[in-house]
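Trainee: The sequence shown begins at 1 in UniProt numbering and counts up one residue at a time. Note that beta-carbon positions come from the ideal geometry of N, C-alpha and C, so glycine has one too. Since this is a predicted model, take the numbers as computed values, not measurements.
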Amino acid sequence: MTGVVSVKNSVDTGHEDMIHDSQMDYYGRRLATCSSDRTVKIFDVSGQQTVLLATLTGHEGPVWQLSWAHPKFGNILASCSYDRKVIIWKETSGKWSKLHEFCEHKSSVNSIQWAPHELGLVLACGSSDESFSILYTTGDGNWQYSRQEGVHTLGCNSVSWAPSVNPGSLVDGNSRAAPSTCKRLVTGGGDNSVKVWREEGDSWTMEDKLEGHTDWVRDVAWAPSIGLPVSRIASCSQDCTVIMWTKDESSGGKWTSKVLNTFPDVVWHVSWSITGDILAVSGGDHKVTLWKESNEDEWVCVSEMDRGVERVS
Numbered sequence: 001m002t003g004v005v006s007v008k009n010s011v012d013t014g015h016e017d018m019i020h021d022s023q024m025d026y027y028g029r030r031l032a033t034c035s036s037d038r039t040v041k042i043f044d045v046s047g048q049q050t051v052l053l054a055t056l057t058g059h060e061g062p063v064w065q066l067s068w069a070h071p072k073f074g075n076i077l078a079s080c081s082y083d084r085k086v087i088i089w090k091e092t093s094g095k096w097s098k099l100h101e102f103c104e105h106k107s108s109v110n111s112i113q114w115a116p117h118e119l120g121l122v123l124a125c126g127s128s129d130e131s132f133s134i135l136y137t138t139g140d141g142n143w144q145y146s147r148q149e150g151v152h153t154l155g156c157n158s159v160s161w162a163p164s165v166n167p168g169s170l171v172d173g174n175s176r177a178a179p180s181t182c183k184r185l186v187t188g189g190g191d192n193s194v195k196v197w198r199e200e201g202d203s204w205t206m207e208d209k210l211e212g213h214t215d216w217v218r219d220v221a222w223a224p225s226i227g228l229p230v231s232r233i234a235s236c237s238q239d240c241t242v243i244m245w246t247k248d249e250s251s252g253g254k255w256t257s258k259v260l261n262t263f264p265d266v267v268w269h270v271s272w273s274i275t276g277d278i279l280a281v282s283g284g285d286h287k288v289t290l291w292k293e294s295n296e297d298e299w300v301c302v303s304e305m306d307r308g309v310e311r312v313s
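1. Look at the Cβ atom of Ile42, then the Cβ atom of Trp114, and state whether they are nearer than 8 Å.
2. So within the UniProt repeat "WD" (56–99), which uninterrupted beta strand (DSSP E) runs reach at least 3 residues, ignoring any that extend past its ends?
3. Where do the N-terminal and C-terminal ends of the beta strand (DSSP E) with Ile134 fall, by residue?
4. Suppose the cutoff is 6 Å on Cβ atoms and the five residues either side in sequence are ignored; what does the same chain contact list for Asn9 look like?
5. Please list the segments of the beta strand (DSSP E) lying wholly inside the segment 105–163, counting only runs of 3 or more residues, in order along the chain.
6. DSSP puts Asn261 in a beta bridge; with which residues?
7. Where Trp197 and Lys90 are concerned, what is the direct C-alpha to C-alpha distance, given to the nearest angstrom?
8. If you reduce the DSSP assignment to three classes, tell me which class Leu228 lands in.
9. For the segment 150–162 against the segment 180–196, are there 3 or more C-beta pairs whose distance is under 8 Å?
10. Do the segment 198–208 and the segment 259–274 meet, that is, are 3 or more Cβ pairs less than 8 Å apart?
11. Would you give the residue range spanned by the beta strand (DSSP E) that Val217 belongs to?
12. Taking C-alpha atoms, which residue in Ser146, Ser131 and Ser81 lies nearest to Thr137?
13. Opposite Leu52 in the DSSP bridges: which residues?
14. Evaluate Ser81 with the Cβ neighbour count: other Cβ atoms within 10 Å of its Cβ, from every protein chain shown; 16 or more gives buried, anything less gives exposed.
15. Please list the terminal residues of the continuous beta strand (DSSP E) segment that includes Arg198.
16. Name the DSSP bridge partner or partners of Ser203?
17. Let me make sure I understand the geometry here. Which of Leu210, Leu123 and Val267 has the alpha-carbon closest to that of Thr246?
18. Applying the criterion that 16 or more other CB atoms from any shown protein chain within 10 Å of the CB defines a buried residue, is Ile88 buried or exposed?
19. Please say whether Asp215 and Asn192 have beta carbons closer to each other than 8 Å?
20. Can you have a look at Ile76 and say buried or exposed, based on whether 16 or more other CB atoms are within 10 angstroms of its CB?
21. Rounded to a whole number of angstroms, what is the C-alpha to C-alpha distance between Trp204 and Gln148?
22. Nearest CA to the CA of Ser11: which residue from Asp25, Ile278, Tyr27 and Asp44?
23. Less than 8 Å between the CB atoms is what I'm expecting for Cys125 and Ile112, so what's the real figure, rounded?
24. Less than 8 Å between the C-beta atoms of Glu118 and Thr181, yes or no?
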């Protein structure tokens with residue numbers, strides 16, 4: 001049986017061109033949006049009425065993606081654009097201003113994501129110049145960066161951080177030591193591949209190259225840790241598929257793949273719930289579907305949203 005539920009709320013952003021991304025902050029009280037009109041807008045959505053708090057200008061091209069930092073660092077938002085820039089914004093006493101502007105990429109910056117807060121104020125950036133960069137603060141408040149070249153032929157389209165705690169360390173009942181942390185991330189690009197990277201010293205080493213897509217990989221998302229010794233990555237592509245990649249870290253095995261579904265159009269975005277058990281998928285068919293793993297290890301669609309109406313199975 002399928003039930004129908006209306007959308008809780010809609011926001012008239014006032015953007016003058018296509019919206020490319022929208023992100024809620026950690027507490028779900030503020031919504032940030034970005035657009036081809038070169039602006040970023042921040043709304044208060046905590047009450048009955050949506051209130052525009054700020055319109056941020058500074059980019060010179062379409063703004064592709066946004067990422068909120070963890071609130072332990074304050075109210076900080078990052079944005080990336082076709083103009084090759086990453087801008088980090090900070091709110092102080094109710095006013096937003098540029099905290100830092102990063103201009104070292106040679107082409108469009110397509111994707112950004114803040115690292116887990118345990119790793120510090122660290123931002124990953126993926127670019128069409130075939131590289132990704134890691135931007136971080138130093139103890140004196142300055143910003144530094146490192147860059148990994150030749151990541152994906154035809155460009156890096158997406159970056160996503162792994163959980164900071166090694167898989168399975170939370171359930172090691174024999175150890176009294178604090179769980180160990182590591183810096184790992186996954187990228188997807190124009191060479192149809194997904195790549196897993198690990199920081200080693202001052203550089204990054206590719207751990208694995210995951211091949212299964214037949215067209216550009218548009219988005220990747222590393223699932224939050226649920227304490228089990230398993231890593232899971234979702235990837236989506238212009239080949240209209242979503243692939244689930246899984247690795248048993250305790251046995252040191254290889255990544256295995258399973259096609260979650262083939263969709264009627266290109267799939268643009270994948271996103272995990274905070275608990276890591278539900279995956280949201282959106283694409284060119286103008287639908288958002290939610291997927292959950294069944295007891296039979298199969299992924300099933302549990303909800304579908306289309307033009308303001310939600311169907312729940």
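Mentor: The short version:
1. Residue 42 sits at position 42 when you count from the first residue of the sequence shown. Residue 114 sits at position 114 when you count from the first residue of the sequence shown. Between Ile42 and Trp114, the C-beta gap is not smaller than 8 Å, which leaves the two residues out of contact.
2. DSSP runs (the beta strand (DSSP E)) wholly in the UniProt repeat "WD" (56–99): 63–68, 76–81 and 86–92.
3. Your numbering for residue 134 matches position 134 in the sequence shown. Looking at the DSSP string, the run of the beta strand (DSSP E) that includes Ile134 is Phe132 to Thr137.
4. Within the sequence shown, numbered from 1, the residue matching residue 9 stands at position 9. Within the same chain, and ignoring the five residues on either side of Asn9 in sequence, no residue has its Cβ closer than 6 Å to its Cβ.
5. Here the runs fully enclosed are 109–114, 122–127, 132–137, 143–148 and 156–161.
6. Numbered from its first residue, the sequence shown carries residue 261 at position 261. DSSP output for Asn261 lists Val242 as bridge partner(s).
7. The residue you call residue 197 lines up with position 197 of the sequence shown. The residue you call residue 90 lines up with position 90 of the sequence shown. Straight across, the Cα-Cα distance linking Trp197 with Lys90 is about 29 Å.
8. Position 228 of the sequence shown, counted from the start, is the residue given in the question as residue 228. DSSP places Leu228 in coil when its eight states are reduced to three.
9. Taking a cut-off of 8 Å for Cβ pairs, the segment 150–162 and the segment 180–196 touch, as three or more such pairs fall below it.
10. No contact exists between the segment 198–208 and the segment 259–274.
11. The residue labelled residue 217 in the question sits at position 217 within the sequence shown. Taken as a continuous stretch (DSSP letters only), the beta strand (DSSP E) holding Val217 covers Val217 to Trp222.
12. Working through the sequence shown from its first residue, we reach residue 137 at position 137. Closest option to Thr137, Cα to Cα, is Ser146.
13. Within the sequence shown, residue 52 is the residue found at index 52, counting from 1. Within the DSSP secondary-structure output, Leu52 pairs in a beta bridge with Phe43.
14. Stepping through the sequence shown from its first residue, residue 81 is reached at position 81. With 16 or more Cβ atoms within 10 Å of its Cβ, Ser81 is classed as buried.
15. In the sequence shown, the residue the question calls residue 198 occupies position 198. Residues Ser193 to Glu200.
16. Counting from 1 along the sequence shown, the entry for residue 203 is found at position 203. DSSP lists Glu200 as partners of Ser203.
17. In the sequence shown, counting from the first residue as 1, residue 246 sits at position 246. Checked all of Leu210, Leu123 and Val267; the closest Cα to Thr246 is Leu210.
18. Looking up residue 88 in the sequence shown gives position 88. Around the beta carbon of Ile88, 16 or more other beta carbons lie within 10 angstroms, which makes this residue buried.
19. Along the sequence shown, read from residue 1 onward, the residue named residue 192 stands at position 192. Along the sequence shown, read from residue 1 onward, the residue named residue 215 stands at position 215. Result yes, Cβ atoms of Asn192 and Asp215 sit closer than 8 Å.
20. Translated into the one-based positions of the sequence shown, residue 76 becomes position 76. It counts as buried.
21. Taking the sequence shown and counting its residues from 1, one reaches residue 204 at position 204. Taking the sequence shown and counting its residues from 1, one reaches residue 148 at position 148. Per the coordinates, the alpha-carbon of Trp204 lies some 7 Å from the alpha-carbon of Gln148.
22. Residue mapping note: residue 11 aligns to position 11 of the sequence shown, counting from 1. Checking the sequence, you will find Val at residue 11 rather than Ser. Comparing Cα-Cα distances from Val11 to each of Asp25, Ile278, Tyr27 and Asp44, the minimum goes to Asp44.
23. Along the sequence shown, one-based indexing puts residue 125 at 125. Along the sequence shown, one-based indexing puts residue 112 at 112. Yes, Cys125 and Ile112 are in contact; Cβ-Cβ is about 5 Å, under 8 Å.
24. The residue you call residue 118 lines up with position 118 of the sequence shown. The residue you call residue 181 lines up with position 181 of the sequence shown. Closer than 8 Å, so yes.
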